[in-house]
Each structure stands twice: as C-alpha cells, then as structure tokens.
Amino acid sequence: MKPPVPRISHPLRARIIWLVIAVLVVGLRLLIPPRGMDDKGLIAILDNSISVVFWLFIMSIAAGLGLFLLRSFSLPGLTTAENLAIGFALGIGMLSYSMLAAGFLHILGRTTILALIGITTVAVGPYIHEACRAFFRQAIDIIRWLSRSSILHYCFLVLALGIAVLVFIHTLSPPWDYDGLMYYLPGPRLFLEQHAITPEIDNWHANDPFTWEMVSTIGLAFGDDIFPKLLHYSAGWLYVIAAALFARRWLSREDAVLSAGVLLTIHVLPMWAAFAYIDLGWAALEFLALFVVMIGWKTRHRRFYIIAGLLSGLAMGSKYLGVIGFAVLGAFLALAHIRDGWKEFFRSTLSYALPAVLVASPWYLKNWIWLGNPVYPLYFGGPGWDTTRLNLYMGYLKSFGAGRSVIDYLLIPWNLYVKYPQFGTVMNKIDLPSVLFPLLLFYPFVRKKSRVLSHSLLLAGILFVLWAFGSQQTRFLLPIFPTLAIGTAFVANRVLAQVKSRFPWRIFLPSLTIGLIVLTLFYQIVIVFGFSPQLPTVGLESREEFLSRIVRDFPATVFINDNLPPTTRTLFIGNGRAYYCPDLCVPDPDHFRWAREISDAAETQELASWFSQNGFTHVLLNIEDLDFLLQHDPYGVMRRAILVIRDWKAQGCLDKIYEDEWTSVHEVACP
C-alpha cells in the first residue's frame, strides 16, 4: 500500500483553506500575545487556548510535510497509521532543519517563521488536509474496533485517556522542569535573540544537537513557552503509538494494546511528557528508525533503509546519545546483509548510513569547526574546558547508579528497581522501569518466537550494556523501553498462558497491567492535587504564584529581578536554571564549574579578587540543588566549596539580603 495520497478534488482549494487557517491562527497569536507573569483570570484561558490551537496547527503542518516526503518514496505496504506516525516524525525534522538553516543564515526570527508557515501551508496544503482526514479516520476505526473488543481493552483506553488528560493539564502550566529551565528553553531563546546559531562558551548546552528544540523556536518566537511543552507532549503520544504499531505489524492487535499498556506502567513517563524536554522525541525517533529498518529487512526494499536513516539522523541531531543507537542499528544492518554479496551489502548499509550522517552532520560539523570537538565539550573538551573541568563534569555524569565495580555492573538490572533513586534525576521517587519488564526472562521459553522481536530485543540488550558504561540515568534507556514493552506483552500473551494450571494467567497479567496503569493514573492525580497545575491553566493563579510554589529558587530570582540594579551579576552555585533570570543571573550548567574555582581560591583575598575579576556581585545558594549535587560529588568539590563559602560568610564577606525556606541571596562585601 502506498502512502496516503491526497484525495481532494481541488488541491488549490485545500491550499487556500490552509493558508486562511494559517492567517487566522497566527493572527490570533499576534493579536493576543502570551500573558504576563502576574496576569490571572480569563486571559489565562484565552492564552492557553491559543497555544493549543497554534500547537495543533503546527503539528498538522508537520504531519502534512511528512506525508509529502513519504509520498515521494512510494513505500509499499505501510498502513495509514504507520504513514501518519513515521510521516509526523519526518515532518518535525523538516520543520527543525528549516529553523536550523535560518539560524545558519542569521535570519532566524519571527518574520522568517511567518514566511515559512505561509509557504509551507500553500506548498503542502493538500497533504495537511489528508493527514487530518487520515487521523480522524483512524480514531473512528479504533472506536469501532473497541465496540467489538473486550472489557480489558476498554479499561486500557479509559485509563490511557485519563492519564493523557491529566498530563495535558500539567503541560499547560508554566515551565518548571530543571533541564527545561537550564537549556532546553534558554538555547532556542538565545538563538532567536541573536537571529542566529553561534558558538556558545558560557551557555555551553546550546552547542548540543538541537533538532527537537529547534521546533520550539516556532512557539518561542511569539513568546509562547507552553508550545515547547506541548511539542514534547506530542512526542509522548508518538512514543507510545510507535510501540503499538510495531507490535500490531509483527505480532497481533492484542499485543499492540498490551504493549502500549506496559509502557504506561512506567509511572514517571507521563510526567516526562509534560516537561519542556526532548527525551521522548529523541527516543521515539530512534525507535521508529528500528521499526523502519525491520520493515526494510523483512521486505527487502532499500527505500525503507533511507527513511530509517533519516529518522536515525534526526535522533542523532536531537541528542548525542543518538550516535550509539545509530551505530548499533547500522551494525545490525551490515550483519544482516553480509551474506548477500558485496554489492547488496554496500547498497543496503549506505542507504541507511548516508542519510543518517548527512542529516545529523550539521550539528557535529559546526562544533568541530567552531570549537574543535564534534561532541563539545564531552570527552575531548574544547574552549573553556580544561582537563579538570572536563573530569569534574564527566565524573558527575558517571556518578549515577549504584557503583562501578564488576558486581555493581552485574546487579544493574536488580538495582534499577531496588535502588532506583540513584539512577534518577527529576521525579526520581517514581523513576524506575516497568515492574513487568522482568517477565522477559520467560522469553526463551516461548515455543514460536518472532524473529523480528528476537533481533530487536538483542539490539535492546546491546544498547543496555553500552548504557551501563555511560551515565546510568534511567531516562537514557527510553529508546529501548518500547522494545522491552513489546517483548513483555508477547510473553504475557503466550508463555504464561501455556502453563498448565487452573490459575487464569491469560487474564491475570493484563489485569495486573491495568492495576499498574491505575497506579500511574493515581500518581498523576497526586501530582495534580500536589502541584495544582490547573490553577494557572484556568487563571485562578498567576504564573508567578505557581512558579513561586513549585520552583524552589524562583522567589529569589523575582527578588533579584525586582530589587537589584542592572549592573549586578548573581552567581548561581551548582544551579543551572536561569531561564527566569536571563540578564542578572549567571547559571552553572555543568554544576561544578564555580564550585571548583571557589574551592581553589580558599584564601579570603584571593576569593575576593576572583569575584571582582568575574564581575560577580551576589551569590545565590539553593538547598535543594546543593543537596542533590552532594550526592553526585565524586571528587568532593561541591563539599569543599560549601565549606569555603561558609567560612567566607563567617568572616563577614557575604551579607545576606534575601532568604526563604530553600534559597538565600548574599551580597559580596569583601573588596
């Protein structure tokens, strides 16, 4: 089956309709700009409504662009749902690289984005129309299927929709997640302010691969910082749907439903979807690359490898870790065709590798040319990164986990459940893999295995081993979770059902999955009641009031913005969040940079000179950040810096000018 082709009698009519829609949506966003920090009431509802409409419109453009690209490849055998999922991912990439090109040309800004929206809606209007029609057809088909399905499938759907609604409410609240405030939002905002992508030494995360974040510039250009959160919310849907589509193609519809259900038993997953992150986008792109490679391998159509390469390139362009996924998938492809003769071997591997490298290369080449390190600043350092600073940051990355001895490595699968907070960052109290994943231990006992699933699980195992030798953060395992969920569903629907026992295993395991999804839903309810994101969403609370409750250092940043002169610079020790204090605050994105320099300048006069030379007039200390970093301080640098600051304060060199429960601001008093 070919990708959906627009079935519109008058393509010109579709182009005109979508251009009119573009004018209305963008005009509404321009006419009613995002609300201020103090605004409450109906303006909040109106603002969020416009953000949602704008997000849906841009996502429709992405889907249309993707279908347009897939149509040019004429891929055989893809279902409508597969076309939509793969096409949407590719469309996001096309939007991103349009922003990237504008950044390199120094024309990145609102005017360029407006022109891009207008040109795109006219060029691919019929495909946007067809994408929307196909989406609604798929929704109707699902409803019809559910009317003939079991009560368990109804439960899955109701619980999933309940989680989606609660997460959506949280998505509409102001950004508060740590990494979002540290660089996922400041990076694109910096590009927009400069109208260009340039090398950044201080805000060094802005040099990372930014494929997913570049789409955020479309919303941020209009002052809308809810749009990046909604973009990641879309990635959450794509992530779960991609797993279900994989299971539906290679296994069964029941496996597809259960696979999605198993993913929803990862309790922290919905919260990640509500953040202004990129991890679910990167993971979805990497998993879709695996999905498309498997289709190409089974059908022997090399055009699928080209699409898989594009997806893998987008994954590498979203996160450095995407390089590992690309290498593992490329090695599999090479081994799969090594017996087909050298000609077929090279054609197949190059069909995958060349598009991937070409798509990802701009991010790595710019770092290599500008900073001398394609993965700046990791592994090889670069400008502003001496050996000590690099070792400190790499030590921090490797401080996650339960140890680095041989026994610790062997116990990682156990410790991920027993000592899971040591593998997590934000929301680490619920940050652990699905408790159903251990059912994969029964996979060898399946009588009739799926060859595609077996190879996918093998690749997931290789990625897991490679992950173990890097930064052992649970969220970095996101690309393999869909494969593990599919394998778990496969085992649950087969192996245990084969056991000769009166116990109803076939019903018990789906019921257990439902129970665990209920627990995920419960956590979302707790979060809604605890964080109350609905209050700023509906205007019962201002953005400032909400952030003052949720972000520990936000009241201190308000104090700095409102009370300190524009010539002051407040140093954040171990704190990388300066999104809400961009002008007067100096963040610490690598967490130990300033702590190391402070601990090196232990003498009073030496430290005073260091503050003066760098122009730091104030210091902000946040208990929550310091406590977390003391747990990930393998060289004791943060501990020594805190002791130096304490002694300096005792000598009268720091005057406290602000303090609340979590944060204090001190003025440097020693000349």
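Residue numbers (my numbering): 48 to 718.
In this text, a Cβ means the ideal position worked out from N, Cα and C, and glycines have one as well.
query                                                                                                          : result
Delimiting residues of the beta strand (DSSP E) encompassing Leu-618                                           : 617-619
For Ser-711, the residue or residues it bridges with in DSSP                                                   : Leu-668, Glu-706
Spatial distance of Asp-455 from Ala-61 (CA atoms)                                                             : 59 Å
Buried versus exposed, by CB contacts within 10 Å (16 or more), Asn-669                                        : buried
Reference Ala-132; option with closest CA among Glu-706, Ala-268, Gly-328                                      : Gly-328
Under 9 Å between C-beta atoms of Thr-264 and Leu-285                                                          : no
Three-way DSSP call (helix, strand, coil) for Thr-312 in this model                                            : coil
Expected contact under 8 Å - CB spacing of Phe-135 and Arg-350 to nearest Å                                    : Going by Cβ atoms, the distance from Phe-135 to Arg-350 rounds to 19 Å, so no, they are not a contact pair.
Boundaries of the alpha helix (DSSP H) in which Tyr-456 is found, first to last residue                        : 453-457
8 Å Cβ shell around Leu-513 - same chain, five flanking residues per side excluded                             : Ile-371, Val-375
Cβ-based neighbour list, Ile-572, same chain, cut-off 8 Å, excluding 5 preceding and 5 following               : Leu-213
Cα-Cα separation between Pro-50 and Tyr-174, rounded to whole angstroms                                        : Low confidence applies here, because Pro-50 scores a pLDDT of 46, under 50, leaving its location unreliable; read the following figure in that light. Going from the Cα of Pro-50 to the Cα of Tyr-174 covers about 11 Å.
C-alpha gap between Asn-414 and His-314, whole angstroms                                                       : 36 Å
Outcome for Ser-359 when other beta-carbon atoms lying within 10 angstroms are tallied against a minimum of 16 : buried
4-residue-minimum alpha helix (DSSP H) runs that sit fully inside the stretch 599-687, ordered along the chain : 601-610, 640-647, 651-661, 670-677
Nearest candidate by alpha-carbon position, reference Val-422, set Ile-105, Val-304, His-252                   : His-252
Delimiting residues of the alpha helix (DSSP H) encompassing Thr-521                                           : Here Thr-521 belongs to no alpha helix (DSSP H), and DSSP marks it neither H nor E.
Cutoff 6 Å; reference Met-261; Cβ partners in own chain excluding five residues on either side                 : Ser-143, Met-146, Leu-147
Three-state class that DSSP yields for Trp-695 in the structure shown                                          : helix
Segment limits, alpha helix (DSSP H) that includes Ser-481                                                     : No alpha helix (DSSP H) contains Ser-481, which DSSP labels as neither H nor E.
Between the CA atoms of Ala-321 and Gly-25 - distance to the nearest angstrom                                  : Past the edges of the chain, shown from 48 to 718, lies residue 25, and the structure says nothing about it.
Distance, Phe-516 Cα to Val-453 Cα                                                                             : 11 Å
Range of the contiguous alpha helix (DSSP H) that encloses Val-76                                              : Sequence inspection shows Arg at residue 76; the Val mentioned does not correspond to that position. Segment 58-78, the alpha helix (DSSP H) holding Arg-76.
Backbone CA spacing between Asp-635 and Glu-644 [nearest angstrom]                                             : 12 Å
Rounded separation between Arg-54 and Gly-508 - CA only                                                        : With a pLDDT of only 49 at Arg-54, under the threshold of 50, the placement of this residue in the model should not be trusted; the figure read from the coordinates follows. Arg-54 and Gly-508: Cα-Cα distance of roughly 44 Å.
Which listed residue (His-665, Asp-694, Arg-624, Thr-245) has its alpha carbon closest to that of Asn-610      : His-665
Nearest candidate by alpha-carbon position, reference Gly-165, set Cys-628, Ile-105, Ala-539                   : Ile-105
Cβ-based burial, Asp-272 [other Cβ within 10 Å; buried from 16]                                                : buried
Euclidean distance between Cα positions of Ile-459 and Leu-368                                                 : 20 Å
Cβ-based burial, Asn-661 [other Cβ within 10 Å; buried from 16]                                                : exposed
Segments of 4+ residues assigned as alpha helix (DSSP H) that fall wholly inside the stretch 178-225           : 198-218
Own chain residues within Cβ distance below 8 Å of Ala-603, not counting five before or after                  : Leu-667, Asn-669, Tyr-705, Asp-707, Thr-710, Ser-711, Val-712
Buried versus exposed, by CB contacts within 10 Å (16 or more), Lys-703                                        : exposed
Alpha-carbon to alpha-carbon, Asn-475 and Pro-58                                                               : 50 Å
For Tyr-426 and Arg-436, the rounded distance between their alpha carbons                                      : 11 Å
Alpha-carbon spacing of Ile-692 relative to Leu-701, whole angstroms                                           : 8 Å
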